[in-house]
Structures are given as structure tokens and as C-alpha cells.
Amino acid sequence: AGGSPAEIVTAEPYFEVLEGWHVHEALNLYYLVQSLKSRGVISPAALCVPSYCCIMARVVQFDDFSDAYSRVGNEDEEIHGFNHSKVNHFGNRYRKYDVALPLWQYSLSRLSEPRRISRL
787 AGGSPAEIVT AEPYFEVLEG WHVHEALNLY YLVQSLKSRG VISPAALCVP
837 SYCCIMARVV QFDDFSDAYS RVGNEDEEIH GFNHSKVNHF GNRYRKYDVA
887 LPLWQYSLSR LSEPRRISRL
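Just so you know, we're using my numbering here: the sequence shown kicks off at 787 and counts up by one.
Structure representation (C-alpha cells):
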């Protein structure tokens, strides 16, 4: 209490619960800084590092992505005596729902150069 508002903010916005959701992480940092400014904890003219984020895009083709959730097990849908029919039932339906998949795990071909599509 009684001190001056901070003039510099340094942050590691990617060390968060939102790991892997980079746009959400950047927005989270932005709104946290704005909230602290509005409460007088941070000076309205404070320097924030990082000061912005860039959203990048590139066209890619996944080479074996469709195999990622294909049928598992032998003809009886078993692996080491455990029945995997429920796994196969839901795994084969992943195309019907919005899902967040860890795309970095799959081999891909890059079809374009990276391009910045936004700066926040």
C-alpha cells in the first residue's frame, strides 16, 4: 500500500493451465494486464514484455492422420485379452465432433510458407 504503480511488467504467458492454447494464453495475459492497469496496480503507460503475440498459419497435409484413431486390436477387438470394442466405437467417430488433437504428434507435409494472419 502507498507505492507507485509498476512501470514494467514481465511475464511468461505460456506457463499456464492453458498450455497448448496459445491464443487463449495471449488473451489471458492481455486481460490480466488490463485488469491490473484499471485497478492502479500497473501504470497505464507501463511497458509489458511480451508486448504482443502473432498468430501464424501454414497449409499442411497430414500424411497418416486418419490412422491415428483407426480400429485397434485383433479380429475380436482384443489386445492381450482385453476387449477394445468401446474404444473402437468411439475412436471411429472422432470425425463427427469438434475435438482438439495434438497435431504436433503426426507426420505432415508443409504445403506453404508460414504467414502471419493476426497480431494481438
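Even glycine gets a Cβ: it sits at the ideal position worked out from N, Cα and C.
- Query: Expressed to the nearest angstrom, what Euclidean distance is found between the alpha-carbon atoms of proline 791 and leucine 887?
  - Reply: In this structure, the straight-line span from the alpha carbon of proline 791 to that of leucine 887 is close to 42 Å.
- Task: May I ask you to list the residues that DSSP assigns as paired with alanine 792?
- Result: Looking at the DSSP assignment, alanine 792 forms a beta bridge with Ile828.
- Message: According to DSSP, is valine 845 part of a helix, a strand, or is it coil?
- Response: DSSP, reduced to helix, strand and coil, places valine 845 outside both helices and strands of the structure shown, so it counts as coil.
- Query: What three-state label does DSSP hand glutamate 861 in the structure shown?
  - Reply: If DSSP states are grouped into helix, strand and coil, glutamate 861 belongs with coil.
- Item | Nearest candidate by alpha-carbon position, reference valine 846, set Arg905, Pro900 and Arg825 | For valine 846, the nearest C-alpha among the options comes from Pro900.
- What separation, rounded to the nearest whole angstrom, lies between the Cα atoms of serine 821 and aspartate 849? Rounded to the nearest angstrom, the two C-alpha atoms are 44 Å apart.
- Message: Under DSSP, the beta strand (DSSP E) around serine 871 begins and ends at which residues?
- Response: From DSSP, serine 871 is part of no beta strand (DSSP E) but of the alpha helix (DSSP H) over 871–877.
- Query: Under a three-way DSSP split, which group does leucine 897 fall into?
  - Reply: Here leucine 897 sits in coil by DSSP.
- Query: By Cβ distance below 7 Å, which residues in the same chain neighbour phenylalanine 851 in space, the five residues on each side in sequence not counted?
  - Reply: Excluding sequence neighbours, phenylalanine 851 sits near Tyr892.
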